[in-house]
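Number of protein chains: 2
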Amino acid sequence: MTRYETTELERLYERWDQLGREERTESFRALPRQEAQDLFVDLTSQHQAMLLLDLPEAERRIWLRLLEPDDAADLIQEAPEENRTELLALLDDLSRREVSALLAYEEDEAGGLMSPRFARLRPDMTVDQAISYLRLQGPHLETIYYAYVLDHEQRLLGVVSFRDLFATPGNRAVSDLMQCDLVSASEETDQEEIARLFADHDLLALPVVDAEGRMKGIVTVDDIVDVVQEEASEDIQKIGGMEALDAPYLATGFWDLVRKRAGWLSALFVGEMLTVTAMAHYEEQLAQAIVLAVFIPLIISSGGNSGSQASTLVIRAMAIGEVRLRDWWRVLRREILSGLMLGGVLAVLGLLRVLIGDALGSKVYGGYPTAIGLTVGISLLGVVVFGTICGSMLPFLLRRVNLDPASASAPLVATLVDVTGLIIFFSVAGLLLSGKLL
Amino acid sequence: MTRYETTELERLYERWDQLGREERTESFRALPRQEAQDLFVDLTSQHQAMLLLDLPEAERRIWLRLLEPDDAADLIQEAPEENRTELLALLDDLSRREVSALLAYEEDEAGGLMSPRFARLRPDMTVDQAISYLRLQGPHLETIYYAYVLDHEQRLLGVVSFRDLFATPGNRAVSDLMQCDLVSASEETDQEEIARLFADHDLLALPVVDAEGRMKGIVTVDDIVDVVQEEASEDIQKIGGMEALDAPYLATGFWDLVRKRAGWLSALFVGEMLTVTAMAHYEEQLAQAIVLAVFIPLIISSGGNSGSQASTLVIRAMAIGEVRLRDWWRVLRREILSGLMLGGVLAVLGLLRVLIGDALGSKVYGGYPTAIGLTVGISLLGVVVFGTICGSMLPFLLRRVNLDPASASAPLVATLVDVTGLIIFFSVAGLLLSGKLL
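Chains as they are written, first to last, in the working numbering: chain L, 2 to 439; chain E, 2 to 439.
Structure follows, in structure tokens:
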């Protein structure tokens, strides 16, 4: 037995992103038929579409027909608008009808993910009849792990697992065996919600039904692994402070990459300009006590860091359904307490830094190390508590107004907290240092 | 058909995290038998273990025996050390042997994820014989989507999908049908690598073989959805600048939550203290030109933001296998170019901010708006390029020394870039403003 990972084919697959389009077509056409099939099926829809359009027209048909309807629909969705009709025409009649139906759905909802090729049974069949009937359907099915029991109007009555079917005497009726209380999705269910259903219930396949309870298709768990990876990538990129890429990093065009980063980076920069205004406002205090300037990076970054921790925690907990909108109050209570603890730790460290610096002979404190140390410490406490509150509540706010909570990125929270951090710091300094340095 | 999402049971499942241990046991024991089973199987291993130990000893056996060997092993791993032997004793002989074998593996490698209950066939069986034989094995199998063809020494020869088995005339031999070129993992393959294999090859199950090619078990895709979610959560939390939680946010104890955040937050704080040293070093320049202080938050935050973008991009691309160690040079080239573009955009915005501020009558520029504008612009370009390089290369560096690239968190990169940002800024100021403000 050869292990796939080490074969020539696997290496080609890994290098795929890095090849030029011509090289791809060439290497693909040089492969033996079976290997070419394996490779083609494994490629992303985007790469499949590119490759297919680069092949001579006469060859396209066999490759497109290799795909299940849901995968064919994905490929066609990735192809340029003007090629879609021509690609659809390559399919046989049944597949074309199925694929056209799938193309009507959004790519990221149940309808766009599902396959119409599921195993069907009638409730009055015996187990033996059911097994023979499934053997007939076999070649046309996406998965046969579950068989769905439908009435004459295609309404979903229940589900039978193959395991149960196989373990039951052949003369029992399917209706005795089927489980009626089952998890299902509607055609519009969002893919994130679907991934959650799969994870919560350890499903292998999820039936999709319309408003009248008629079965439309199944989403299988192998498609969900991709969805989960994709959603996590999008969230991580948004948390990093940019637009989601929608494609592998190295496969994203350079200008596309720059554009997706420049937008947020510029927006954050413009927001951060408020710090210039704030600092200019405190110019006089700064001139009197340069020592204040010295601590500014330390203080504002602490607010940003604690805010980043809180926002990523909440964003992730929301994405996998652990935290819902109505939990905001529990989260807030928790985060205020956490903020007080974390801020307390940093306050002590900050105070120590000033006192030790002074003891080691630093001249920067101008004779008021304790007052300055307390100013730094109290500001840190305030900034960390504020950062934690901001970071944990911003994702709730975004979700409340139907924006993606993941946009509450570490850089966005840091930017929000920076201005406030300066105000907190100069206010505390005003109170504790007036009559001394100010 | 009731949809699972809206039932009483689903609501209980969702609230599970928020219930006290006693409430959980009570609500669980109040459920009808079938619903209790559904709930128990859906709970995380950690919750299963807690619940099981809270039930009267006489009841534990039936619940533990409900689980597949791999799930039972996970539960036992989550139970306190002192309860493990006693829990193992509740299993029947066969299961106990299987579970003990699984407990010998790490939880996050193939051996710890796999189930020993896979469908086996001999190569010389006919398709009809194979189907009957699988009907016998049915009740004991984890999945029957694939059947594995083994020789007399349990070496894996190939795989037959049920779909193919069902679609083939009954008198053909299994060996004619089986596919020999298959993806497999060894017992020590890490779960992240396994998730990658599933995603790359759209697998439903992955066979695990030992060094001699003997089949030990299968990992099924439903377990992989959990793995993928878990790995993404860990990465997101690390990117947010803290230790991974290992449990849902609301289920993590308060002190545990604080501890996992305080460590990194303090470490970052101590690192950020270098900015105090750097600023104190430039005290004289600051005293001469307070205007420099005014721009410090803007400049260092831009470095942090661009670094955060680059590091999250690379961390994610590494996690899903799009970028490997050997790609560092391609990534570096790309990121230097991106950094130049992005830095250029911010430099222009920064310069405009100064010139417009001056035109609107701000006194802060002391008669040298152009020189100050250029200082700000050039520093921004330098800081963004440096931030981008730092952010994109730190994950490679960490992986190179076998640390988790995800530890190159947004806050860590920001901290690294802050000190350098100050040095860049004061150096540029020294060049452009000497003889003017300095």
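We put the CB at the ideal spot given by N, CA and C, even for glycine.
Check, Outcome
"Drop a sphere of 10 angstroms on the beta-carbon of CYS181 of chain L, count the other beta-carbons inside from all chains shown, and report buried for 16 or more, exposed for fewer.", "exposed"
"Quick check for students: name the residue ranges of the alpha helix (DSSP H) that lie wholly in the region 119-206 of chain E, counting only runs of 4 or more.", "128-138, 163-168, 175-178 and 192-202"
"May I ask you to report which of helix, strand or coil DSSP gives ARG25 of chain E?", "helix"
"Beta-carbon within less than 8 Å of SER96 of chain E's beta-carbon, same chain only, minus the 5 sequence neighbours each way: which residues are those?", "ARG66, PRO70 and ALA73"
"Which residues in chain E have a C-beta closer than 9 Å to the C-beta of MET126 of chain L? List them in chain order.", "Those within 9 Å of MET126 of chain L in chain E number zero; the least Cβ separation is about 16 Å."
"At least one CB of chain E closer than 9 Å to the CB of GLU429 of chain L: is that the case?", "Note that residue 429 of chain L corresponds to Val in the displayed sequence, not to Glu. No, its Cβ sits nowhere closer than 9 Å to a Cβ of chain E."
"Any C-beta of chain L sitting closer than 9 Å to the C-beta of ALA263 of chain E?", "yes"
"Going by the CB atoms, is the gap between GLU193 of chain E and ALA320 of chain E shorter than 9 Å?", "yes"
"Go through its chain and collect everything with a Cβ distance to ALA294 of chain L's Cβ below 8 Å, but skip five positions before and after it.", "LEU287"
"Quick one: which chain L residues come within Cβ less than 8 Å of ASP201 of chain E?", "TYR14 and ASP43"
"Check whether chain L comes within 9 Å of ARG123 of chain E, counting only Cβ atoms and requiring the distance to be less than that.", "no"
"How far does the beta strand (DSSP E) with GLY218 of chain L in it reach, from first residue to last?", "216-221"
"Compile a chain-ordered list of the residues in the region 354-379 of chain E whose CB is closer than 8 Å to at least one CB of chain A.", "No chain A appears in the structure shown, which is made up of the protein chains L and E."
"Looking at chain L, is there any beta carbon in it that lies within less than 9 Å of the beta carbon of ILE301 of chain E?", "yes"
"ASN306 of chain L touches chain E at which residues, Cβ-Cβ below 7 Å?", "GLY242, LEU266, LEU269 and PRO412"
"How about ASP71 of chain E: is its C-beta nearer than 9 Å to some C-beta of chain L?", "no"
"At a Cβ threshold of 9 Å, is ARG22 of chain L touching chain E?", "no"
"Less than 9 Å separating the beta-carbons of SER307 of chain L and VAL385 of chain L?", "yes"
"Classify LYS364 of chain L: buried if its beta carbon has 16 or more other beta carbons within 10 angstroms, exposed otherwise.", "exposed"
"Go ahead and pull the three-state DSSP assignment for ARG16 of chain L.", "helix"
"Output, in sequence order along the chain, the residues in the region 270-289 of chain E whose CB is closer than 8 Å to any CB in chain L.", "PHE270, VAL271, GLU273, MET274, THR276, VAL277, MET280, ALA281, GLU284, LEU287 and ALA288"
"Terminal residues of the continuous alpha helix (DSSP H) containing GLU273 of chain E?", "255-282"
"Mapping DSSP to helix, strand and coil, what is GLU79 of chain E?", "helix"
"Using beta carbons (cut-off 9 Å, strictly below), is VAL386 of chain E in contact with chain L?", "no"
"Would the beta-carbon of TYR250 of chain L fall within 9 Å of that of GLU323 of chain E?", "yes"
"When you compare the region 223-238 of chain L with the region 261-272 of chain E, are there three or more beta-carbon pairs, one atom per stretch, that lie closer than 8 Å?", "no"
"Is the beta carbon of ALA186 of chain E sitting closer than 9 Å to the one on LEU158 of chain E?", "no"
"Select from the region 328-339 of chain E all residues with a C-beta closer than 9 Å to any C-beta belonging to chain L, and list them in chain order.", "ASP328, ARG331, VAL332, ARG335, LEU338 and SER339"
"Taking the alpha-carbon positions, what's the SER435 of chain E to ASP359 of chain L distance?", "30 Å"
"Counting only Cβ pairs nearer than 8 Å, list the residues of chain L close to ILE237 of chain E.", "ALA233, ASP236, ILE237, ILE240, THR313, ILE316 and ARG317"
"Are any of the Cβ atoms in chain E nearer than 9 Å to that of ILE425 of chain L?", "no"
"Indicate the three-state DSSP secondary structure (helix, strand or coil) for VAL210 of chain L in the structure shown.", "strand"
"So, ARG123 of chain L versus LEU166 of chain L, is the Cβ gap smaller than 9 Å?", "no"
"Does the structure place the region 272-283 of chain L close enough to the region 382-400 of chain E that three or more beta carbon pairs sit under 8 Å?", "no"
"Exposed or buried, what is ILE77 of chain L when buried is set at 16 or more other beta-carbons lying within 10 Å of its beta-carbon?", "buried"
"Give the secondary structure of SER116 of chain L by DSSP, where H, G and I count as helix, E and B as strand, and everything else as coil.", "strand"
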